[in-house]
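Peer 1:
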Amino acid sequence: QISLMVGGNPIITTATDISNKFAVDEWATRKNLDIMSLKNARDMAAYILENEKIGLISDFDVRGELPQEFDRNEKNKGICISYNSNKKPFENTLNLIPKNISVGVGCRKDARYEDIYEAIKTVLSNNNISHFAIRNLNSIDLKKDEKGLIRTAEIFKVPFITYTKDELNTAEGEFTKSDFVKNVAGVDTVCERAALMGNSKKLIITKTIINSVAIAVAREDYTVDFD
Numbered sequence: 061q062i063s064l065m066v067g068g069n070p071i072i073t074t075a076t077d078i079s080n081k082f083a084v085d086e087w088a089t090r091k092n093l094d095i096m097s098l099k100n101a102r103d104m105a106a107y108i109l110e111n112e113k114i115g116l117i118s119d120f121d122v123r124g125e126l127p128q129e130f131d132r133n134e135k136n137k138g139i140c141i142s143y144n145s146n147k148k149p150f151e152n153t154l155n156l157i158p159k160n161i162s163v164g165v166g167c168r169k170d171a172r173y174e175d176i177y178e179a180i181k182t183v184l185s186n187n188n189i190s191h192f193a194i195r196n197l198n199s200i201d202l203k204k205d206e207k208g209l210i211r212t213a214e215i216f217k218v219p220f221i222t223y224t225k226d227e228l229n230t231a232e233g234e235f236t237k238s239d240f241v242k243n244v245a246g247v248d249t250v251c252e253r254a255a256l257m258g259n260s261k262k263l264i265i266t267k268t269i270i271n272s273v274a275i276a277v278a279r280e281d282y283t284v285d286f287d
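Numbering (my numbering), first residue to last: 61 to 287.
1) State the DSSP-derived secondary structure class of asparagine 146, mapped to helix, strand or coil.
2) Quick one: measure Cβ to Cβ for threonine 224 and lysine 267, integer angstroms, because I've assumed they're closer than 8 angstroms.
3) Leaving out five residues on either side along the sequence, give the residues of the same chain with a beta carbon under 7 angstroms from the beta carbon of alanine 101.
4) Report all residues from its chain with a CB closer than 7 angstroms to the CB of aspartate 201; omit the five preceding and five following residues, and keep chain order.
5) Expressed to the nearest angstrom, what Euclidean distance is found between the alpha-carbon atoms of phenylalanine 82 and tyrosine 107?
6) Just tell me which of Pro158, Ala231, Leu228 has its CA closest to the CA of glutamate 280.
7) Please go through the same chain and pick out, in chain order, the residues whose beta-carbon is closer than 6 angstroms to the beta-carbon of lysine 113, but skip the five residues on each side of it.
8) Report yes if the C-beta distance between asparagine 198 and glycine 124 is below 9 angstroms; otherwise report no.
9) Assuming isoleucine 176 and valine 183 are in contact, meaning their beta carbons sit under 8 angstroms apart, how far apart are those beta carbons, in whole angstroms?
10) What ranges does the alpha helix (DSSP H) occupy inside the stretch 161-234, keeping only unbroken runs of at least 4 residues that lie completely in it?
11) Just how far apart, CA to CA, sit isoleucine 215 and alanine 254?
12) Would you say glutamate 275 and isoleucine 180 are within 9 angstroms of each other, going by their C-beta atoms?
13) Helix, strand or coil for aspartate 121? Go by DSSP, reduced to three states.
14) Does DSSP put asparagine 271 in a helix, a strand or coil?
15) Could you check what DSSP says for phenylalanine 240 in three-state terms: helix, strand or coil?
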């Protein structure tokens with residue numbers, strides 16, 4: 061077995077490729093799923109090579125037929141697709157995290173990255189969402205040079221994207237509005253609108269303030285398939 065990095069994603073080259081069997085690492089990369097444990101991914105590959113079935117638990121809709129290497133009734137070993145990396149439905153669980161969460165942030169000028177980082181981690185943790193699910197960090201263009209936001213995005217290894225007030229005002233939905241923010245930024249809420257602008261469709265965590273940092277989270281629809 062050879063482990064290497066391709067585009068920032070871990071790929072395990074195994075005999076599954078040669079044997080024409082389901083390759084969990086290759087599939088996970090194609091489906092934008094973060095692999096939480098390379099060891100457990102190798103374990104799943106070994107089970108498959110030994111013609112042992114693995115199970116599947118998903119918090120998301122599963123479309124189409126499962127590959128022959130899976131058995132819905134398997135309880136001891138399998139794959140769990142969830143935002144919650146602590147969910148362990150099998151004795152040997154490989155956790156896969158969909159990377160489709162957009163985080164919107166509003167903060168005061170010169171906010172420390174430690175405060176921003178901890179606010180995001182706390183909000184996600186309180187909602188059983190792994191930070192590995194984050195796809196991008198988003199805010200208003202007034203914050204494009206904020207070192208704390210830039211550094212936080214670097215730590216999470218995701219893009220930091222900013223939008224004009226006019227762009228933010230195109231976001232649709234029910235928002236937690238603030239007259240103060242409206243007067244300062246020209247938009248009634250930064251974090252919620254910015255989260256939706258990050259190519260996500262549904263606001264799943266509304267404006268939450270921690271360490272004087274306003275956080276909101278949105279997600280894109282996700283369906284599991286084996287095409």
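We put the CB at the ideal spot given by N, CA and C, even for glycine.
Peer 2: Based on what the coordinates show:
1) Coil at asparagine 146, not helix or strand.
2) Threonine 224 to lysine 267, Cβ: 20 angstroms. No contact.
3) Hits under 7 angstroms: Ile72, Val84, Asp85, Ile95, Leu154.
4) Thr222, Tyr223, Thr224
5) 11 angstroms
6) Pro158
7) Asp131, Glu134
8) no
9) Incorrect: roughly 11 angstroms between the Cβ atoms, too far for contact.
10) Taken in chain order, the complete alpha helix (DSSP H) segments of 4 or more residues contained in the stretch 161-234 are 173-186, 207-216, 225-228.
11) 19 angstroms
12) Reading the sequence as shown, one finds isoleucine at residue 275 and not glutamate. The answer is yes: Cβ separation under 9 angstroms.
13) coil
14) Residue state, collapsed to three classes: coil.
15) helix
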